[in-house]
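Which chain is which? The protein sequence lines are A and B, in order. Take any residue in the first sequence, count from 1 to its spot, add 4: that is its number in the numbering used here. Take any residue in the second sequence, count from 1 to its spot, add 1: that is its number in the numbering used here. The next block holds one structure in the form of structure tokens; read it before the comments.
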Amino acid sequence: MAMSQALIRLEDVHRIYRLGETEVPALRGITLELHAGEFTALVGPSGSGKSTLLNLAGCIDEPDRGRVLVEGVDAATLADDARSRLRNRKIGFIFQSFNLVPVLDVYENVELPLLVHSHLSKVERRERVHRAIDDVGLHDYARHPPDKLSGGQRQRVAIARALVTQPILVLADEPTANLDSETARRIVDLMVELNQKRNVTFLFSTHDEKLMARVGRHVRIRDGRLDGAASGAAA
Amino acid sequence: MTGGWKLALRNLSRNRRRNLVTGAAIALGYAGLVLLGGYANGNEGLIRLSSVYLQHSGHLAVYARGGLGKAQTKPAAYTLDAAAQEEILAALRADPRVEFCGRYLLGTGIAGNGCKTFPFRGLGIELDVERRILSHPQLEPLRDVARPRAGRPLPDAAGEESPVALSVGLGGARLGKAAVTGREAAVAPGALECEAPDVKARIAADPWVQLAVQTHEGSFGAMDARLVSLFQAGTVDGDQAGLVAGLDLFQRLYDTDRVTYVAAYLHDHRDTAAVARDLSQKLAAAGLEVSIYPYDDPKANPYYVGTMETIGAVVTFIGLLLANVVALSVLNAMTLAVLERTREIGTLRSLGFTRRQLLGVFLREAATLAGLSIAAGLVLALAVSAGVRAAKVRFQPPGVGGTIPLVIAPSAGMWVGAAALLLVLALGATWVAVRRRVRERVAKLIVEVAA
Numbered sequence: 005m006a007m008s009q010a011l012i013r014l015e016d017v018h019r020i021y022r023l024g025e026t027e028v029p030a031l032r033g034i035t036l037e038l039h040a041g042e043f044t045a046l047v048g049p050s051g052s053g054k055s056t057l058l059n060l061a062g063c064i065d066e067p068d069r070g071r072v073l074v075e076g077v078d079a080a081t082l083a084d085d086a087r088s089r090l091r092n093r094k095i096g097f098i099f100q101s102f103n104l105v106p107v108l109d110v111y112e113n114v115e116l117p118l119l120v121h122s123h124l125s126k127v128e129r130r131e132r133v134h135r136a137i138d139d140v141g142l143h144d145y146a147r148h149p150p151d152k153l154s155g156g157q158r159q160r161v162a163i164a165r166a167l168v169t170q171p172i173l174v175l176a177d178e179p180t181a182n183l184d185s186e187t188a189r190r191i192v193d194l195m196v197e198l199n200q201k202r203n204v205t206f207l208f209s210t211h212d213e214k215l216m217a218r219v220g221r222h223v224r225i226r227d228g229r230l231d232g233a234a235s236g237a238a239a
Numbered sequence: 002m003t004g005g006w007k008l009a010l011r012n013l014s015r016n017r018r019r020n021l022v023t024g025a026a027i028a029l030g031y032a033g034l035v036l037l038g039g040y041a042n043g044n045e046g047l048i049r050l051s052s053v054y055l056q057h058s059g060h061l062a063v064y065a066r067g068g069l070g071k072a073q074t075k076p077a078a079y080t081l082d083a084a085a086q087e088e089i090l091a092a093l094r095a096d097p098r099v100e101f102c103g104r105y106l107l108g109t110g111i112a113g114n115g116c117k118t119f120p121f122r123g124l125g126i127e128l129d130v131e132r133r134i135l136s137h138p139q140l141e142p143l144r145d146v147a148r149p150r151a152g153r154p155l156p157d158a159a160g161e162e163s164p165v166a167l168s169v170g171l172g173g174a175r176l177g178k179a180a181v182t183g184r185e186a187a188v189a190p191g192a193l194e195c196e197a198p199d200v201k202a203r204i205a206a207d208p209w210v211q212l213a214v215q216t217h218e219g220s221f222g223a224m225d226a227r228l229v230s231l232f233q234a235g236t237v238d239g240d241q242a243g244l245v246a247g248l249d250l251f252q253r254l255y256d257t258d259r260v261t262y263v264a265a266y267l268h269d270h271r272d273t274a275a276v277a278r279d280l281s282q283k284l285a286a287a288g289l290e291v292s293i294y295p296y297d298d299p300k301a302n303p304y305y306v307g308t309m310e311t312i313g314a315v316v317t318f319i320g321l322l323l324a325n326v327v328a329l330s331v332l333n334a335m336t337l338a339v340l341e342r343t344r345e346i347g348t349l350r351s352l353g354f355t356r357r358q359l360l361g362v363f364l365r366e367a368a369t370l371a372g373l374s375i376a377a378g379l380v381l382a383l384a385v386s387a388g389v390r391a392a393k394v395r396f397q398p399p400g401v402g403g404t405i406p407l408v409i410a411p412s413a414g415m416w417v418g419a420a421a422l423l424l425v426l427a428l429g430a431t432w433v434a435v436r437r438r439v440r441e442r443v444a445k446l447i448v449e450v451a452a
């Protein structure tokens, strides 16, 4: 695969959690690049450092050592407000437990990232939100509150929310872990479709072997170290 | 950021019971502060009226320089002579802010009933001025207090021979004139057999008292005066030794044409400082050496100032308690809200909300809750004050001979000030509760389990 400039580059990244007197190394010198259009699965057992790696790639955590470069910019050099802007414009997040705002309906949840740092007009904002909701097949549920939706539908809302800002990268932390296998398959289908049709770059963590079979690139992690990255074209 | 208010409003619907309780605390706190302030304000009005009119301090009082402290011991040197009185009265009458003015002569001496004598502290007043005061429309709430405890108002006896009013302690308990109402048939003054068994009854039936003083020139002055009423002064000293007589009678007694001070009664008490300033300049230009004391001067009017300081201290203390209850309620509610929404805070941060924007969402939430609650408190306070007005509640404060109305009269400043105070407290408490949370690492917030 011809390598363009990396969207995200992690260079010799270390992350240590401190629990009182005890230090727990979560990542031990990870170097990883993600390129536009890739569909990458981060695979490893529980406690291997998948979530920590995603957090660092998404600039919601900082490494104790090493650098995280987003389109060539070292995230550590950015002030907190600038990092917030960067997350808002360039990175979408999908969480295992959906993390929707319960007092907002589907439309409002999806609209949420556009309410900050956005110079879009109201009309443009509405168009973006409707397109994102249509993309995940929830057109008829736009005014439903999250608690009236199934788990799969909620995750679709979360995907729409992650996509609405048209980010360069979508990070998903075990997006199918809380779903039954059929719903999980459909969510992965949707992510694959978005990757292929809209060229959305995905990095998601999973330990579901069935899902891994549908992913173009696997990055295996164990005890905070990469086992070796299997590169491949987007699925 | 757009949509912040909508998000804040929606968040208020999350834990309705808790928000209702917090809102009720704010509403009750607001109503309490306003009613408390209104009570203090209403009392201030009554105490000012009592002090200015019933205790004859006027809105401002003009003394000869040093006269406030020394007129009683060196009256010849520290009282106002006739020329000074004319100058002062002319200046006051030329000022349209002055409604009327009166001259007063303070003096001490002894009063006797033929067998016993007791010291008195007396005030000579102009009876036509006193009549005007007693019929003043502003004194309507204090009409019961202004009424003599027995007998007739002194001005009603203006045409009679040597009328005098005594405090209930001096005239009644000490001189034994309790039975005198001013309507009994007068008994000519004469020597009493003080050891006679009916002496008490004779004294009680005799409206005449004997007054003896040292005149301003230092000689002995004495006269018989006819008791027409007994009044309650409201202070221990005043009730034990108070005496009020017409200025003419008092000046005859002290053999002088001087007065201790001239009091000015204004149309609007808020003009007091300005009138005092202008008068001071005018009298200084005329070469008069005088001191002018407004009604709220602690030296000239310790009753007013002391009472207001006491009320102010009580109101401040209770107000602080109320404000603390409100602040702690909001702090508690917001701390719980933040704990419950920790993961959501992390999610919003990951979506790009800055710390300030998130803090803004919570502050909007607190402002909305405080605003709605203050509106409810406003309605409650209006209803209570209207209810009190309609019920025409009256009560008798300690030491006061008569009832006064319960007045709750919050000023516009109190409505606005209490609202501003509670809003600031609510926002401050929210800031304290939220500030640390939004500064934590986003990754840590996201994995936090909701409380």
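Note that beta-carbon positions come from the ideal geometry of N, C-alpha and C, so glycine has one too. Predicted, not measured: the structure shown is a model, and the values here were computed from it.
Show which residues of chain A have a CB atom less than 7 Å away from the CB atom of residue i.
i               : result
F354 of chain B : S88, V120
A444 of chain B : N59, I64, D65
Sort the options by Cα distance to residue i and report the nearest one.
i               : options                        : result
L379 of chain B : B:S230, B:A301, B:L36          : B:L36
L128 of chain B : B:G110, B:G160, B:N114, B:P120 : B:G160
P303 of chain B : B:L69, B:L167, B:A41           : B:L69
R218 of chain A : A:R189, A:A79, A:V204, A:R229  : A:R189
G38 of chain B  : B:A419, B:K445, B:A444, B:A434 : B:A419
L383 of chain B : B:Y31, B:V165, B:K201          : B:Y31
G103 of chain B : B:L90, B:L360, B:F363, B:E290  : B:L90
L173 of chain A : A:V140, A:I34, A:L90           : A:L90
Q397 of chain B : B:I405, B:S220, B:R150         : B:I405
For residue i, return the contacting residues in chain B, with the cut-off set at a CB-CB distance below 7 Å.
i               : result
R160 of chain A : Those within 7 Å of R160 of chain A in chain B number zero; the least Cβ separation is about 16 Å.
G228 of chain A : Correct list: empty, because the minimum Cβ distance to chain B is about 15 Å.
D85 of chain A  : T355
Could you check where the beta strand (DSSP E) with residue i kicks off and where it finishes?
i               : result
R13 of chain A  : 12-23
L424 of chain B : Note, L424 of chain B: premise wrong, no beta strand (DSSP E); alpha helix (DSSP H) at 413-439.
H222 of chain A : 221-226
E100 of chain B : 99-113
Apart from the five residues on each side of it in sequence, which residues of its chain come closer than 6 Å, Cβ to Cβ, to residue i?
i               : result
R132 of chain A : V168
R122 of chain B : T109, A242
Residue i by DSSP, collapsed to three states: which one?
i               : result
S154 of chain A : coil
I312 of chain B : helix
G183 of chain B : Note that G183 of chain B has pLDDT 49, beneath the 50 cutoff, so the model's placement of it is unreliable and no number is given.
T187 of chain A : helix
F208 of chain A : strand
F102 of chain A : coil
P49 of chain A  : coil
H270 of chain B : helix
S235 of chain A : Residue placement at S235 of chain A is poorly supported in this model, since its pLDDT is 40, which falls under 50; the coordinates still yield a value, given next. Three-state result, S235 of chain A: coil.
M2 of chain B   : coil
R342 of chain B : coil
G239 of chain B : helix
I204 of chain B : helix
S168 of chain B : strand
L241 of chain A : With chain A running from 5 to 239 in the structure shown, residue 241 of chain A is simply not present.
Going along chain A in order, which residues have a C-beta closer than 9 Å to the C-beta of residue i?
i               : result
A502 of chain B : Nothing can be reported for residue 502 of chain B: it is not among the residues displayed for chain B, which extend from 2 to 452.
R15 of chain B  : P106, V107
Which residues in chain B have a C-beta closer than 9 Å to the C-beta of residue i? List them in chain order.
i              : result
F97 of chain A : T348, S351, L352, I447
What does residue i reach in chain A if we use C-beta pairs closer than 8 Å?
i               : result
R98 of chain B  : Going along chain A, no residue has its Cβ under 8 Å from R98 of chain B, so there is no contact; the nearest lies around 58 Å.
M309 of chain B : Result: empty, since nearest Cβ-Cβ is about 49 Å, beyond 8 Å.
N12 of chain B  : V107
E345 of chain B : N103, V105
R436 of chain B : By Cβ distance, chain A contributes nothing, its closest Cβ being about 14 Å from R436 of chain B, past 8 Å.
In the DSSP assignment, find the alpha helix (DSSP H) that holds residue i and state where it starts and stops.
i               : result
E37 of chain A  : Not the alpha helix (DSSP H): E37 of chain A falls in the beta strand (DSSP E), residues 26-38.
F363 of chain B : 356-392
V22 of chain B  : 17-50
M216 of chain A : 213-216
T56 of chain A  : 54-61
Y255 of chain B : 248-255
G172 of chain B : Run containing G172 of chain B: none; DSSP gives neither H nor E here.
A78 of chain B  : 76-79
Once the 5 residues before and after residue i are set aside, which same chain residues still bring their CB inside 8 Å of it?
i               : result
G313 of chain B : A41
For residue i, go through chain B and note every residue whose CB falls closer than 8 Å to its CB, in chain order.
i              : result
G62 of chain A : S351
If I measure Cβ to Cβ from residue i and keep anything under 7 Å in the same chain, skipping five residues before and after, which residues do I get?
i               : result
E162 of chain B : R227
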